[in-house]
Amino acid sequence: MTGSGANNRDVKKINRIRTIRSIFSCDRISQPELAAKVNNSWPTVLQNVKELMAMGLVQEVGTFESTGGRKARAFAPVRNARLAVGLEITQNHVGAVLVDLSGNLLHYERKKRLYERSDIYAEMLARIVQGLIEKEGCPVEKILGVGISLPGILDKEGQTLVYSHALGLRNVPTEEFSRYIPFSCRFINDANAAGLAEVRDLESPRSLVYLSLSNSVGGAILTGGALYGGDHLRAGEFGHNTLVPDGRPCYCGKKGCLDAYCSAKVLSQLTDGNLALFFDGLRSGNAALQTAWNEYLSYLAVAVNNLRMTFDCDVIVGGYVGGFLAEFGEPLREMLVERNTFEPDSSYLKFSRYRLEASALGAALLHIEAFIQNL
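Per our numbering, the sequence shown runs over residues 32 to 406.
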């Protein structure tokens, strides 16, 4: 009897989650469309809709035009019923977003701030969070929490930053970052967070690989929209795949790592540390920078092809460099066509939708998804 009751509750919960996802996937939806999308009878769907309306998450917004019978009622999401904050901590900057239940960015800001292990830095993070909330003018009760992305490896509980080369830290409690933030905080690796952001609105989450090309190279492996972390939460550390045996030295102490050939620093060091200036140089026809870009893409093509051959799924390239590939990445597609073992195709390569905000967005989504899963 207990087992049957638990099963019924599970089914009801699953149906309620499917109902809210269906409503939130559009601006408004009719009764028949919603019932068909959720694949339940209307009385069952209606009960879930009533509960979601009582929570303030869904609203009735009139009717659709009649097609011969009674006018169908229309329902719409209340996207700002709850909000979440996301922070991205880097060596030199802090990125911050405020997002609604659909993952839409309401506010985004990026502050240049060198990381330091201090109360002053932690207090500054709390002020950034408070500032975003004040900009929106929303009551604190709407805030689900703060997601914080960190450039390094975390333990399974998200309570310890096990190692971060970028921040120069080992075995540091993540509470050091959140101690002054008066909301529930969740922590995630920066590349994993960016990968989650890329799949946030896919109707049918599928397997894909995310490759992050920032000041270090990382990545994420997603199966069915969920992260694969590996036995030690190190899955996706593509930056330390060996690209050239006994090649350039990597910061990890090894030689020939992908990071040594495809990090954003490889390019930005040619323009006084400013990556945007590198691409400005390409636009203006700088021959030396074009040669460097061609070499960079040749190494990147090997890395992306290896990921495709290993995982047999789409590969999204993001991070600082990824944000410029929509404009400058066509030669990469041509190189991938030549390397593809099975067919002359590179359509599996996707360019990131984001330049800088992806990791902060993905961190905020941790709270949005947890909220939906616990309805």
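All residues carry an ideal CB built from backbone N, CA and C; glycine is no exception.
If you're wondering where the values come from, they're calculated on a predicted model, not measured in any experiment.
The stretch 187–196 in contact with the stretch 82–90 per 3-pair CB rule at 8 Å: no
Residues that DSSP places opposite residue 167 in a beta bridge: In the sequence shown, residue 167 corresponds to position 136, counting from 1. None, per the DSSP bridge assignment.
Given residue 129 as reference, the closest of 393, 185, 364 once Cα atoms are compared: The residue you call residue 129 lines up with position 98 of the sequence shown. Closest option to residue 129, Cα to Cα, is 393.
Element boundaries [alpha helix (DSSP H), containing residue 316]: Counted from its first residue, the sequence shown places residue 316 at position 285. Unbroken run through residue 316: none, as it is neither H nor E.
Three-way DSSP call (helix, strand, coil) for residue 53 in this model: Within the sequence shown, the letter at position 22 stands for residue 53. Correct three-state label for residue 53: helix.
Residues near residue 351 by beta carbon distance below 6 Å, same chain, minus five either side: As a working note, residue 351 is residue 320 in the sequence shown. For residue 351, where only same-chain residues beyond five positions count, the Cβ hits under 6 Å are 245, 295, 306.
Length of the line joining the Cα atoms of residue 115 and residue 310: Locating residue 115 in the sequence shown gives position 84, where the first residue counts as 1. Locating residue 310 in the sequence shown gives position 279, where the first residue counts as 1. Those two C-alpha atoms are separated by around 33 Å.
First and last residue of the uninterrupted beta strand (DSSP E) at residue 216: Looking up residue 216 in the sequence shown gives position 185. Looking at the DSSP string, the run of the beta strand (DSSP E) that includes residue 216 is 216–220.
Neighbour-count burial assignment, residue 72, 16 or more Cβ in a 10 Å radius: The residue labelled residue 72 in the question sits at position 41 within the sequence shown. It is exposed - the Cβ of residue 72 has fewer than 16 other Cβ atoms within 10 Å.
Sheet register partners of residue 60 (DSSP bridge): Along the sequence shown, read from residue 1 onward, the residue named residue 60 stands at position 29. According to DSSP, residue 60 bridges with 106.
Secondary structure of residue 311, DSSP reduced to three states: In the sequence shown, the residue the question calls residue 311 occupies position 280. Three-state result, residue 311: helix.
DSSP-derived helix/strand/coil call for residue 189: Your numbering for residue 189 matches position 158 in the sequence shown. It is coil, neither helix nor strand.
Touching by the beta-carbon criterion (3+ pairs, under 8 Å), the stretch 175–184 and the stretch 393–404: yes
As assigned by DSSP and simplified to three states, the class of residue 33: Working through the sequence shown from its first residue, we reach residue 33 at position 2. Interpretation of residue 33 is limited by its pLDDT of 46, a score under 50 that renders its predicted location unreliable; the figure taken from the coordinates is listed afterwards. Of the three classes helix, strand and coil, the one that applies to residue 33 here is helix, per DSSP.
Cutoff 6 Å; reference residue 211; Cβ partners in own chain excluding five residues on either side: Mapped onto the sequence shown, residue 211 falls at position 180. Result list for residue 211: 153, 154, 157, in chain order.
Beta strand (DSSP E) segment containing residue 201, residue limits: As a working mapping, residue 201 is identified with position 170 in the sequence shown. Element bounds for residue 201: 200–204.
Contact under 8 Å by Cβ, residue 250 with residue 258: Within the sequence shown, the letter at position 219 stands for residue 250. Within the sequence shown, the letter at position 227 stands for residue 258. No, they are not a contact pair.
Distance CB(residue 225)-CB(residue 401) smaller than 8 Å: Position 194 of the sequence shown, counting from 1, holds the residue named residue 225. Position 370 of the sequence shown, counting from 1, holds the residue named residue 401. No, the pair does not count as a contact, with Cβ atoms beyond the cut-off.
Residue 149 to residue 125 span [Cα, whole Å]: Reading the sequence shown from its first residue, position 118 is the one you call residue 149. Reading the sequence shown from its first residue, position 94 is the one you call residue 125. Rounded to the nearest angstrom, the two C-alpha atoms are 15 Å apart.
Buried versus exposed call for residue 33 [16 or more other C-beta atoms within 10 Å across all chains shown]: Looking up residue 33 in the sequence shown gives position 2. Its pLDDT being 46, under 50, residue 33 is placed unreliably in this model, and the coordinates cannot settle the point.
Opposing strand residues paired with residue 288 [DSSP bridges]: Locating residue 288 in the sequence shown gives position 257, counting from the first residue. In DSSP, residue 288 forms a bridge with 273.
Residue(s) in a DSSP beta bridge with residue 296: Along the sequence shown, read from residue 1 onward, the residue named residue 296 stands at position 265. According to DSSP, which records beta bridges pairwise, residue 296 is partnered with nothing at all.
Alpha-carbon to alpha-carbon, residue 267 and residue 344: Stepping through the sequence shown from its first residue, residue 344 is reached at position 313. Stepping through the sequence shown from its first residue, residue 267 is reached at position 236. If you take the alpha carbons of residue 344 and residue 267, they lie about 14 Å apart.
As assigned by DSSP and simplified to three states, the class of residue 341: Position 310 of the sequence shown, counted from the first residue, corresponds to residue 341. It is helical.
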